[in-house]
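Data block below; observations after.
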Amino acid sequence: MAISWPLVVSLLLSISSLATSASNSDSVHEAFVQCLLDNSHPSHPISEAIFTPQSPSYATVLQSYIRNLRFNETYTPKPFLILTALHQSHIQAAIICAKKGNIQMKIRSGGHDYDGLSYVATVPFFVLDMFNLRSIDIDMETETVWVQSGAILGELYYRISELSKTHGFPAGVCPTVGVGGHFTGGGYGNMMRKYGLTVDNIVDAYFIDVNGRIHDRKSMGEDLFWAIRGGGAASFGVVLAYKIKLVRVPEIITVFRVEKTLEDNATDIVDQWQHVASKLPKELFVRLVIDVVNSSTRTGGSTVRVSFISLFLGDSKTLVSIMNENLPLLGLSQSDCIETSWIRSVLFWTNITIDSPTDVLLNRTPSLSYLKRKSDYVKQPIPKTALEGIWEKMIELQPAQMIFNPYGGRMAEIASTATPFPHRAGNLWKIQYLANWNQGGAETAQRYIELTRKLHRYMTPFVSKNPREAFLNYRDIDLGVNHNDRGSYLEGRVYGIKYFKGNFNRLVHIKTKFDPTNFFRNEQSIPTLPY
């Protein structure tokens, strides 16, 4: 057989090019590590915070805060380095050195970014891991807390409860979520109808900018302080800590969980719920979790189950009275209710036995699964006949689920421009679409992701339009990807308008002013203005 010398030469050149590329990449990475060491403060050595694939603990450190197993596969892109910052100077060094080498930096607090953007990239990257920076400093005289970005919500709640039975904070119901990402994306919880979001209760911050300088609210200015409260701080810099204002809670709080299926008149109850949930007293939050379960009576063997899960800032007698006046079809009785403290209501909402020791909230290891999430906002009640169609579609697409989170109350009082989070008055509830599964592999993942997408598409007639709004903290890469090149602004506008509506333009201007070279970037970051 004749030898094709052009092909041989081509292959040799390709191999040589790959070898040169790998060598150049290694050289860049080595220079980056050396830069970190050179910029390390003698009193806070950085070497012990550096983990490379050659480090014995690298895999453990990487996987410890991967909360979506979909991004813990062998084929998932891995960082060439993880920096588990132990001091603010380590963050400053990371920014200075990454800028010098034009290296992509991902910032991870608790690892709950649903689409993995805090620890996965398609280009060479490193992870700035914040989990060591988790101090919580509570001042009960001023009712404020300085909490570092690497703390988790459970730690924050537990420390508050150690000092007071009548204070809390309106953040999420999952205790292992990291403060950093949750706060800056507009985190919400079951007190949002009374007190708004995390971002509505932040009064100051320590922030490290693109030049490695540390700022508080006064020195960063009101524009930047506005942007990092709901606009995704990872587009602008690194938040070291937030100062938050605690809220008052009664010593007695009431919770309940009541489940109804289609055979229990669930459709009529949901229909009644959707007309009153946003108008209930601010102290009352009633979430719906809608899934498909087995049925022994329905044709096909499946039915829809609706779980009504509530928190009420008050006693059970008052709660039952309010519910029976506004949502009588649920038939709530005193025996359905549990009177408890605020800190134990956190256990209840996390599906932890309510009389468990509250220090279980300090556990940083959640149960893990493969997952996909999407979001929507509903502005008009859904016709009852359409609800019936939705149930049939859910049975077809099981195990895809939905969660309805009611708005109104304080959420409707705060201006849509007060923070970058724009979803205020006019929203009846937010939808979270979710699918969880326990088997790895790309093919399995694609099947479950597509089930979630199909349910999302089916809901199109019933949700917000122009734009179809979405919630930043329910990160959804389906909404658009930014390649951070010449088309960055136009690509960013596609998802940016959905997450931020009219606030997107202000975020872009702030981004352009404070990070003009777009150093702080990811696949869904705020872009700079086009040249």
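As numbered in mature numbering (1 follows the signal peptide of the UniProt record, and there is no 0), residues -21 to -1, 1 to 510 make up the sequence shown, in order.
Even glycine gets a Cβ: it sits at the ideal position worked out from N, Cα and C.
The model shown is predicted, which means the values in this text are computed figures rather than measured ones.
Problem set entry | Assigned secondary structure, Asp243 (DSSP; H/G/I helix, E/B strand, else coil) | Here residue 243 corresponds to residue number 264 of the sequence shown, with the count starting at 1. Asp243: helix per DSSP, three-state reduction.
Exercise. Is there contact between the region 167 to 183 and the region 60 to 67, where contact requires at least three CB pairs shorter than 8 Å?
Worked result: no
Exercise. Can the beta-carbon of Leu407 be found closer than 8 Å to that of Gly164?
Worked result: Position 428 of the sequence shown, counted from the start, is the residue given in the question as residue 407. Position 185 of the sequence shown, counted from the start, is the residue given in the question as residue 164. Their beta carbons are not under 8 Å apart, which means Leu407 does not touch Gly164 by this criterion.
For this session: Tell me whether Gln67 is buried or exposed, calling it buried when 16 or more other Cβ atoms sit within 10 Å of its Cβ.
Result: Numbered from 1 along the sequence shown, position 88 holds the residue referred to as residue 67. The residue in question, Gln67, is buried, as its Cβ has 16 or more Cβ neighbours within 10 Å.
Exercise. Grouping DSSP H, G and I as helix and E and B as strand, with all else coil, what is Ile374?
Worked result: Start at 1 with the first residue of the sequence shown, and residue 374 comes out as number 395. The answer is helix: DSSP assigns Ile374 an H, G or I state.
Exercise. In whole angstroms, what is the alpha-carbon distance linking Phe148 and Gln42?
Worked result: As a first step, residue 148 is located in the sequence shown; it is residue number 169 there, counting from the start. As a first step, residue 42 is located in the sequence shown; it is residue number 63 there, counting from the start. Cα to Cα, Phe148 sits roughly 29 Å from Gln42.
For this session: Please state if the CB of Lys372 and the CB of Leu292 are separated by a distance shorter than 8 Å.
Result: The residue labelled residue 292 in the question sits at position 313 within the sequence shown. The residue labelled residue 372 in the question sits at position 393 within the sequence shown. Result no, Cβ atoms of Leu292 and Lys372 do not sit closer than 8 Å.
For this session: Give the DSSP bridge partners of Cys316, in chain order.
Result: Reading the sequence shown from its first residue, position 337 is the one you call residue 316. Note: Cys316 sits in a beta bridge opposite Phe235.
Problem set entry | Cβ-Cβ distance between Ile187 and Gly157 below 8 Å | Translated into the one-based positions of the sequence shown, residue 187 becomes position 208. Translated into the one-based positions of the sequence shown, residue 157 becomes position 178. Taking 8 Å as the Cβ cut-off, Ile187 and Gly157 do not qualify as a contacting pair.
For this session: Helix, strand or coil for Pro401, going by three-state DSSP, please let me know.
Result: The residue given as residue 401 occupies position 422 in the sequence shown. Pro401: coil per DSSP, three-state reduction.
Exercise. How would you label Arg227, buried or exposed, when you count the other beta carbons within 10 angstroms and need 16 or more for buried?
Worked result: Mapped onto the sequence shown, residue 227 falls at position 248. Label assigned to Arg227: exposed.
Problem set entry | First through last residue of the alpha helix (DSSP H) which encompasses Tyr93 | The residue labelled residue 93 in the question sits at position 114 within the sequence shown. No alpha helix (DSSP H) holds Tyr93; DSSP gives it neither H nor E.
For this session: Pick helix, strand or coil for Ala184, following the three-state DSSP scheme.
Result: One-based indexing of the sequence shown puts residue 184 at position 205. Three-state DSSP puts Ala184 in a strand.
For this session: Report the three-state DSSP secondary structure of Pro440 (helix, strand or coil).
Result: Counted from its first residue, the sequence shown places residue 440 at position 461. Helix at Pro440.
Problem set entry | Segment contact, 8 Å Cβ cut-off, at least three pairs: the region 264 to 276 with the region 331 to 343 | no
Exercise. Given that a residue counts as buried once 16 or more other Cβ atoms are within 10 Å of its Cβ, and exposed if not, what is Ser4?
Worked result: On the sequence shown, position 25 is the one that residue 4 refers to. When all chains shown are included, Ser4 counts as exposed.
Problem set entry | Beta-bridge partners of Phe264, as assigned by DSSP | Within the sequence shown, the letter at position 285 stands for residue 264. According to DSSP, Phe264 bridges with Leu290.
Exercise. Between the region 323 to 331 and the region 218 to 235, are three or more C-beta pairs nearer than 8 Å?
Worked result: yes
For this session: Compute the Euclidean distance between the alpha carbons of Tyr93 and Asn47, then round it to the nearest angstrom.
Result: Within the sequence shown, numbered from 1, the residue matching residue 93 stands at position 114. Within the sequence shown, numbered from 1, the residue matching residue 47 stands at position 68. Each residue's Cα considered, the two are about 7 Å apart.
For this session: Could you check the C-alpha separation between Ala(-20) and Glu375 for me, to the nearest Å?
Result: To locate residue -20, count along the sequence shown from 1; it is residue 2. To locate residue 375, count along the sequence shown from 1; it is residue 396. Low confidence applies to Ala(-20): its pLDDT is 45, below 50, so where it sits in the model is not reliable, and the reading given next is rough at best. Approximately 59 Å between the Cα atoms of the pair.
Exercise. Secondary structure at Met199, three-state DSSP: helix, strand or coil?
Worked result: Here residue 199 corresponds to residue number 220 of the sequence shown, with the count starting at 1. Met199: helix per DSSP, three-state reduction.
Exercise. Are the region 309 to 323 and the region 131 to 143 in contact at 8 Å, needing three or more beta carbon pairs?
Worked result: yes
Problem set entry | Residues sharing a beta bridge with Asn415, DSSP | Residue numbering aside, residue 415 sits at position 436 when the sequence shown is read from its first letter. DSSP output for Asn415 lists Leu350 as bridge partner(s).
Exercise. Relative to the C-alpha of Ser314, which residue among Lys296, Asn330, Pro307 is closest?
Worked result: Numbered from its first residue, the sequence shown carries residue 314 at position 335. Considering only alpha carbons, the answer is Lys296.
Exercise. Apart from the five residues just before and just after Glu230, which ones in its own chain have a Cβ nearer than 8 Å to its Cβ?
Worked result: Sequence index remark: in the sequence shown, residue 230 carries index 251 (1-based). Within the same chain, Glu230 has close Cβ partners Lys144, Thr145, Ser320.
For this session: On the DSSP bridge assignment, give the partners of Trp408 in chain order.
Result: Residue mapping note: residue 408 aligns to position 429 of the sequence shown, counting from 1. Val357, Pro385.
Exercise. In angstroms, rounded to a whole number, what distance separates the CA positions of Lys353 and Ser22?
Worked result: Against the sequence shown, residue 353 aligns to sequence position 374. Against the sequence shown, residue 22 aligns to sequence position 43. Their backbone Cα atoms lie some 45 Å apart in a straight line.
For this session: Identify, in the order they occur along the chain, each residue of the same chain with its Cβ nearer than 6 Å to the Cβ of Gly475, setting aside the five sequence neighbours on each side.
Result: Residue 475 sits at position 496 when you count from the first residue of the sequence shown. Excluding sequence neighbours, Gly475 sits near Phe483.
Exercise. When the Cα of Met84 is compared with those of Ala397, Ser504, Pro509, which residue comes out closest?
Worked result: Counting from 1 along the sequence shown, the entry for residue 84 is found at position 105. Residue Ser504 is the option with its Cα nearest to Met84.
For this session: Let me know if Val102 comes out buried or exposed under the rule of 16 or more other beta-carbons within 10 Å of its beta-carbon.
Result: If you number the sequence shown from 1, residue 102 lands on position 123. Label assigned to Val102: exposed.
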